[in-house]
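Enquirer: The opening residue of the sequence shown carries number -11 in the numbering used here; numbering runs sequentially from there.
Even for Gly, the Cβ is constructed at its ideal location relative to N, Cα and C.
The structure is given below, and queries will be raised subsequently.
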Amino acid sequence: MSARLDCLDIHPLRDDLYNELHSRPFQVLPTPARVTQMAVLTTPEQRRLQFLHLQQLHRQLGYPVPEQEVGCFEQTFGNLRIRREMHMEFATYTFTNLATGDDTPFSETGISLLPEGWLEQLTGTVVAAFHLEIRPATEDAQGDLAYVRKHFEGMRLVGSSPQEGAARVWGTFKLHSDGFGRFMVMNHHMSDSQLGRLTQRLMEIETYRLMSLLALPVAREITPALNDMDQKMAIITQSLADNQDVDEQQLLAQLTNIASRIEAFRAHSTFRFSATRAYHRLVLTRLEELREDELSGHLTITEFMTRRLTPAVKTCEAVSERLEDLSRRVDRASDMMRTRVELAIQSQNQQLLSSMDRRSKIQLMMQHTVEGFSVVAISYYLVGLLKLGLESMYDAGFDFNKSLVLGIAIPVTLLLVFFGVRTIHNRFIKLAKRQ
-11 MSARLDCLDI HPLRDDLYNE LHSRPFQVLP TPARVTQMAV LTTPEQRRLQ FLHLQQLHRQ
49 LGYPVPEQEV GCFEQTFGNL RIRREMHMEF ATYTFTNLAT GDDTPFSETG ISLLPEGWLE
109 QLTGTVVAAF HLEIRPATED AQGDLAYVRK HFEGMRLVGS SPQEGAARVW GTFKLHSDGF
169 GRFMVMNHHM SDSQLGRLTQ RLMEIETYRL MSLLALPVAR EITPALNDMD QKMAIITQSL
229 ADNQDVDEQQ LLAQLTNIAS RIEAFRAHST FRFSATRAYH RLVLTRLEEL REDELSGHLT
289 ITEFMTRRLT PAVKTCEAVS ERLEDLSRRV DRASDMMRTR VELAIQSQNQ QLLSSMDRRS
349 KIQLMMQHTV EGFSVVAISY YLVGLLKLGL ESMYDAGFDF NKSLVLGIAI PVTLLLVFFG
409 VRTIHNRFIK LAKRQ
């Protein structure tokens, strides 16, 4: 009897992990076929509306309505096949027209069989939209090329022979008069499954390369501001290096303003630049999978992308690195300014302590002087009281020499008052030392 897993602790995501690799299967495409793909930027609310929109299409065409949204949805309505895939920030719609109608390329497209007005109600922001025409190839390569040229409105073609010559692929990577891009695949001897994989790679290359370029306008927009901040940082750093007398508060205000602008730019662009790097890597991966052979006189798709797309991506990466470098420079300049301010504060504190020390010495000298005066004043009042007491005793009948007694009492009183004041002074000093 074979072992069973029922009694074991199964991870709750185990089924999802197994199904993940099969969540977006390649399509199976016959020859001929017409395919249209659209990539639409969406928000969570727009995704919800798009699913309602898809349910509405099922009702219009009389098919069972899907109840639950999935990452990859595919449904065939007669000769129309619709595939909807959800990505991190966009959704792709692939419409495949399997009908054999007008033989003229691009006269019929993947969206020709959609109900009138349905596509116009699709929510979201369209980034990519292009048609693919799949045709059988002939043995006459030059004849096929002449046939292809007639349907790309005179634009310069980019083409290659992928999969070791199993097909020929042509495109312009431009928008045509109908607002869509165009590709034509001339199939030599590819099976329906192989053709589906090739078409999927082409659509992903076109979609991901456009998504990767979304960061280029952002990079161009913030570059002038980065140049301005770079110059300001150079001036601030040079003034600190020359040890000039500068207004620290003004410089700190400038550094704070630059730092806040940099953080605002980073918050606005970090995700976009990171997404650009990720999409660019996906494009390069799909290009490797094409395994292209060159067609005489034409750039291959890989050569075209390397020549045009890679510099744009490098520009975005350079701007991203400049943002990070400026942020680090601002931090270092701020540290130098804080060190400069701290040294100035320490110098001021040292001067203040020296001034307080001088004042303490002066106060101590004044205190000794006041103590001398206080001894005389207290002795004066005590001798006056003693004189009154002696006169009262003399009037009461005691016989003694008042002048002699008073004369002896004066120095004695002075000594007693002096030692009393010193005793109190020393006691306060001891109390201060204990604290």
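Using the Cα positions of Phe118 and Arg2, report the straight-line distance between them to the nearest angstrom.
Expert: What you label residue 118 is simply residue 130 of the sequence shown in a count that begins at 1. What you label residue 2 is simply residue 14 of the sequence shown in a count that begins at 1. Cα-Cα distance, rounded: 37 Å.
Enquirer: Look up Ser342 in the DSSP assignment and say whether it is helix, strand or coil.
Expert: Position 354 of the sequence shown, counted from the first residue, corresponds to residue 342. Helix at Ser342.
Enquirer: For Pro54, list the residues DSSP reports as bridge partners.
Expert: Counting from one through the sequence shown, the residue named residue 54 turns up at place 66. Beta-bridge pairing links Pro54 to no other residue.
Enquirer: Excluding sequence positions up to five away, which residues of its chain have a Cβ less than 7 Å from the Cβ of His286?
Expert: If you number the sequence shown from 1, residue 286 lands on position 298. Excluding residues within five positions, the ones whose Cβ falls inside 7 Å are Leu145, Val146 and Gly147.
Enquirer: Among Glu121, Val271 and Asp345, which has the Cα closest to the Cα of Gly169?
Expert: On the sequence shown, position 181 is the one that residue 169 refers to. Nearest option by C-alpha distance: Glu121.
Enquirer: Of the residues Glu77, Gln334, Leu392 and Ile366, which one's Cα is nearest the Cα of Gly408?
Expert: Position 420 of the sequence shown, counted from the start, is the residue given in the question as residue 408. Looking only at Glu77, Gln334, Leu392 and Ile366, the smallest Cα-Cα distance to Gly408 is reached by Ile366.
Enquirer: When burial is assigned at 16 or more other CB atoms within 10 Å of the CB, is Leu243 buried or exposed?
Expert: Taking the sequence shown and counting its residues from 1, the one referred to as residue 243 is at position 255. Its Cβ being crowded by 16 or more others within 10 Å, Leu243 is buried.
Enquirer: If you check the beta carbons only, do Val28 and Gly112 fall under 8 Å apart?
Expert: Counted from its first residue, the sequence shown places residue 28 at position 40. Counted from its first residue, the sequence shown places residue 112 at position 124. Result yes, Cβ atoms of Val28 and Gly112 sit closer than 8 Å.
Enquirer: Kindly provide the ranges of any alpha helix (DSSP H) runs that are 4 or more residues long and lie completely inside the region 31 to 102, ordered along the chain.
Expert: Here the runs fully enclosed are 32 to 49.
Enquirer: Tell me the DSSP secondary structure of Met122 in three-state form.
Expert: Taking the sequence shown and counting its residues from 1, one reaches residue 122 at position 134. One point to set straight first is that residue 122 is Ile, not Met, in the sequence displayed. If DSSP states are grouped into helix, strand and coil, Ile122 belongs with the strands.
Enquirer: Is Ala154 near Met174, with beta carbons less than 8 Å apart?
Expert: Here residue 154 refers to the residue found at position 166 when the sequence shown is read from its first residue. Here residue 174 refers to the residue found at position 186 when the sequence shown is read from its first residue. It is not a contact, given that the beta carbons lie outside the stated cut-off.
Enquirer: Who are the near neighbours of Glu350 in its chain, counting only those whose CB is closer than 8 Å to its CB and skipping five residues on each side?
Expert: Working through the sequence shown from its first residue, we reach residue 350 at position 362. What sits at residue 350 in the sequence shown is Ile, not Glu. Nothing meets the Cβ criterion.
Enquirer: Within this structure, are the beta carbons of Glu312 and Arg189 separated by less than 8 Å?
Expert: Here residue 312 is taken as the residue at index 324 of the sequence shown, counted from 1. Here residue 189 is taken as the residue at index 201 of the sequence shown, counted from 1. No.
Enquirer: Which residue from Leu272, Ser322 and Ser308 puts its Cα closest to that of Leu239?
Expert: Position 251 of the sequence shown, counting from 1, holds the residue named residue 239. That would be Ser322, whose Cα lies nearest to the Cα of Leu239.
Enquirer: Comparing C-alpha positions only, which one of Thr30, Met325, Ser100 and Asp180 sits nearest to Leu17?
Expert: Your numbering for residue 17 matches position 29 in the sequence shown. If we check each option's Cα against that of Leu17, Asp180 comes out closest.
Enquirer: What would DSSP say about Ser148, mapped onto helix, strand or coil?
Expert: Your numbering for residue 148 matches position 160 in the sequence shown. Ser148 falls in the strand class under three-state DSSP.
Enquirer: Between Ser362 and the rest of its own chain, which residues show a CB-CB distance below 7 Å, the 5 nearest in sequence each way excluded?
Expert: Numbered from its first residue, the sequence shown carries residue 362 at position 374. For Ser362, where only same-chain residues beyond five positions count, the Cβ hits under 7 Å are Val409.
Enquirer: Return the CA-CA distance between Gly167 and His139, expressed in angstroms with no decimal places.
Expert: For the purposes of this step, residue 167 is taken as residue 179 along the sequence shown, with counting starting at 1. For the purposes of this step, residue 139 is taken as residue 151 along the sequence shown, with counting starting at 1. One C-alpha to the other measures close to 15 Å.
Enquirer: For Pro0 and Tyr6, I'd like the C-alpha separation in whole angstroms.
Expert: Taking the first residue of the sequence shown as 1, we reach residue 0 at position 12. Taking the first residue of the sequence shown as 1, we reach residue 6 at position 18. Approximately 12 Å between the Cα atoms of the pair.
Enquirer: First and last residue of the beta strand (DSSP E) that includes Arg22?
Expert: If you number the sequence shown from 1, residue 22 lands on position 34. Run containing Arg22: Ala21 to Leu29, per the beta strand (DSSP E) assignment.
Enquirer: Evaluate Met172 with the Cβ neighbour count: other Cβ atoms within 10 Å of its Cβ, from every protein chain shown; 16 or more gives buried, anything less gives exposed.
Expert: Working through the sequence shown from its first residue, we reach residue 172 at position 184. Flag for Met172 reads buried.
Enquirer: For Arg156, report the span of its alpha helix (DSSP H) as first-last.
Expert: Locating residue 156 in the sequence shown gives position 168, counting from the first residue. Per DSSP, Arg156 belongs to no alpha helix (DSSP H); it is in the beta strand (DSSP E), Ala155 to Gly159.
Enquirer: If you draw a straight line from the alpha carbon of His177 to that of His46, how long is it in whole angstroms?
Expert: Here residue 177 refers to the residue found at position 189 when the sequence shown is read from its first residue. Here residue 46 refers to the residue found at position 58 when the sequence shown is read from its first residue. When rounded, the distance between both Cα atoms is 35 Å.
Enquirer: Cutting at 7 Å between CB atoms, please list the residues of its own chain near Ser100, excluding the five before and the five after it.
Expert: Position 112 of the sequence shown, counted from the start, is the residue given in the question as residue 100. If we look at Ser100 and ignore the five residues flanking it on each side, its Cβ neighbours are Asn85.
Enquirer: Quick check on the DSSP output: the beta strand (DSSP E) that includes Met174 runs from which residue to which?
Expert: Locating residue 174 in the sequence shown gives position 186, counting from the first residue. Run containing Met174: Gly169 to Asn175, per the beta strand (DSSP E) assignment.
Enquirer: Which partner residues does Glu282 have in the DSSP bridge list?
Expert: Looking up residue 282 in the sequence shown gives position 294. DSSP output for Glu282 lists Ser148 as bridge partner(s).
Enquirer: Could you tell me if His268 is buried or exposed, where buried requires 16 or more neighbouring beta carbons within 10 angstroms of its beta carbon?
Expert: Taking the first residue of the sequence shown as position 1, residue 268 is located at position 280. Buried, because 16 or more other Cβ atoms sit within 10 Å of the Cβ of His268.
Enquirer: Go through the region 264 to 335 residue by residue and report every complete run of the beta strand (DSSP E) that reaches 3 residues or more, in order.
Expert: none
Enquirer: Tell me whether Ala384 sits in a helix, a strand or coil according to DSSP, three-state version.
Expert: For this step, residue 384 is matched to residue 396 along the sequence shown. Ala384 falls in the coil class under three-state DSSP.
Enquirer: I need the straight-line Cα distance from Thr64 to Thr303, nearest angstrom please.
Expert: Counting from 1 along the sequence shown, the entry for residue 64 is found at position 76. Counting from 1 along the sequence shown, the entry for residue 303 is found at position 315. Straight-line Cα distance between these residues: approximately 42 Å.
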